[in-house]
Amino acid sequence: MSQLTGQLTLSFDSEEKDITVIPDVEVIRDRDCTIDTPILHGYQPESIYGKGVEIYPAVPGKTDTPHMKKYYLNNLDPLESYDYFFSLFSGGKDSVASVLNLLELGVPKDKIILIHHDIDGGSEKKMDWPATKAYCKAFAAAFGLELRFSFREGGFWGEVYRYGSKQPVQFQDADGTMKRIVPQAWARSLELKKLMRKTELEDDMELFKRYDEELRSYGYRFKFPAKAADLSSRYCSGVLKIEVGSVTIAHQVDTKKDCKIMVLSGERRGESTNRSNYNMMELHRTHAPVRNKRVVHHYRNIIDYSEKDVWEILKRNKVSPHPCYLAGWGRASCAACIFSSPSHFAGLRELLPKYYEQIKSSEQELNFTLDNNKSIDEFVGNAKSCVDHSQKKAIYQLVSGDIKIEDIILPAEEEWTYPSGAFRQGVGGPC
């Protein structure tokens, strides 16, 4: 048995080819990562698809919390044993690197499905970049991968102003049609709102109060998500991404029953203290092997990568990242992400002033600030905009959404360079 230092433990179905790794991973925090940081995990991996290789984490999985105990998974089965690979694809550098890693491991393109959660959910008020959906479409087309969209109706702003049940989830099914899953309390919430309007006109405030109390029991926010690791208070990630992804996988015609699925996401230990404790692999929340004969394993395949490792994968594949990185942002989260720094919000105010004004007006309407202690104007202060004005094409793409297939992979003769937003010491937070 030989030893290989690296991210994975690979166990072949052969006594002659048993490979393992030393369980020792150096975590390089984004705030410490620079262009000079050595590459640790970003080298091209061996293609292992079809070789009977089991994958083990470099750091053994933890069982410290009830969640970790419930979803603990010792190892992944050989890649060829999975029917589908669902990538939770934001369009950011980490989700791009996760997909590229999967391709380099040899997984066939026709088994990979990208799922993008549209944060805006059809709302007139926007939170996400105009370029994000366009980038996801162009990336999928450039690599010949299937892309499906999903969203919670009303999106971010619908959840901020939530009064009653969560709104329905829509997702693109295998046949391309949009399906709609309605929460149990949705119909009753709509009914209660009608009854409240009626009783208000009739000046029956006692009945109005009773309806209001029931409606609030189904949910009430009227505040922004908190800048916290707890997803119950930082609800945007939980309600608009995690829950939407689970509903999508549990109800699609090709994943509802009798299947074995791998779900991939691009969290990295270097992003935050909270994410440094994540397990590389676990059972997914849609895992239902008895009731639906649906096996779902969750694989965070780049969890041990540094930011330098991530950029190395994009560089090797000559992939141009989301234009927000080129324009000066260090993260491709929502344009108006709650974790944005003052310089990011100054950049947002410059490029998408309507987004900035929506936050200002909502702070006044809700009597609740986006930041924990300051209004958006106080938080930004006189911060300098993060925008790199030399990147005229990227700025145009960012605000227009005009991204073409040929914009994704650089021509062979063109040199790949780090974007302006690279190595910003993790400013902008994880989400």
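For the sequence shown, counting from 1, position 111 maps to 107 in this note's numbering; every step adds exactly one. In this text, a Cβ means the ideal position worked out from N, Cα and C, and glycines have one as well.
4 or more residues per run - each alpha helix (DSSP H) lying fully within the segment 214 to 287: 239 to 247 and 269 to 272
Cα-Cα separation, residue 219 to residue 44: 48 Å
Close beta carbons around residue 456, own chain, < 8 Å, minus the five adjacent residues each side: Residue 456 falls outside the range modelled here, since the chain spans only -3 to 427, and no answer is possible.
Identity of the residue in 21, 335, 52 and 407 nearest residue 37 by Cα: 21
N- and C-terminal bounds of the beta strand (DSSP E) containing residue 439: Any property of residue 439 remains undetermined from this structure, which presents the chain solely from -3 to 427.
Close Cβ partners of residue 376 (< 8 Å) along its chain, the five nearest in sequence each way excluded: 338, 341, 342 and 345
Neighbourhood of residue 231 by C-beta distance below 7 Å, restricted to the same chain and skipping five residues each side: 155 and 221
Contact set for residue 59: own chain, Cβ-Cβ below 8 Å, skip 5 residues either direction: 65 and 68
Residue nearest to residue 82 in terms of C-alpha spacing, selected from 408, 108 and 123: 108
One or two residues paired with residue 155 in a DSSP bridge: Paired residue(s): none; residue 155 is not in a bridge.
Inter-residue CB distance, residue 115 and residue 145 (contact presumed, cutoff 8 Å): At roughly 11 Å, the Cβ-Cβ gap does not stay under 8 Å, so residue 115 and residue 145 are not in contact.
Cβ pair residue 334, residue 223 closer than 8 Å: yes
Complete beta strand (DSSP E) runs within the segment 119 to 177 (minimum length 3 residues, chain order): 142 to 148, 165 to 168 and 174 to 177
Inter-residue spacing [alpha-carbon to alpha-carbon] between residue 135 and residue 278: 28 Å
Beta bridge counterpart(s) of residue 405 as assigned by DSSP: 315
When 178, 172 and 359 are compared against residue 165, the one with the closest alpha-carbon: 178
Short Cβ contact (8 Å threshold) for residue 349 with residue 415: no
For residue 322, the residue or residues it bridges with in DSSP: BP columns for residue 322 are empty, so no partner.
Burial state of residue 285 (16 or more Cβ within 10 Å): exposed
Buried or exposed (CB count within 10 angstroms, at least 16 for buried), residue 364: exposed
Contact under 8 Å by Cβ, residue 299 with residue 274: yes
Complete runs of the beta strand (DSSP E) confined to the segment 23 to 97 [at least 3 residues]: 50 to 53 and 80 to 84
Boundaries of the alpha helix (DSSP H) in which residue 372 is found, first to last residue: 372 to 376
At least 3 beta-carbon pairs within less than 8 Å: the segment 321 to 333 vs the segment 124 to 134: yes
The segment 91 to 107 touching the segment 305 to 314, judged by at least three CB pairs closer than 8 Å: yes
Three-pair Cβ contact test at 8 Å for the segment 168 to 176 versus the segment 234 to 249: yes
Nonlocal neighbours in the same chain, by C-beta distance under 7 Å from residue 113, ignoring five residues either side: 146, 147, 236, 237, 240 and 241
Nonlocal neighbours in the same chain, by C-beta distance under 7 Å from residue 302, ignoring five residues either side: 24, 29, 33, 36 and 266
Own chain, CB closer than 7 Å to residue 332, minus 5 neighbours either side, in chain order: 123, 344, 351 and 355
Boundaries of the beta strand (DSSP E) in which residue 391 is found, first to last residue: From DSSP, residue 391 is part of no beta strand (DSSP E) but of the alpha helix (DSSP H) over 388 to 396.
Limits of the unbroken beta strand (DSSP E) element including residue 110: 108 to 113
For residue 335, the three-state DSSP class (helix, strand or coil): coil
Which of helix, strand or coil DSSP assigns to residue 365: coil
Residue 31 classed as buried or exposed, judged by whether at least 16 other C-beta atoms fall within 10 angstroms: exposed
Closest Cα partner of residue 75 within the set 98, 55, 378 and 54: 98
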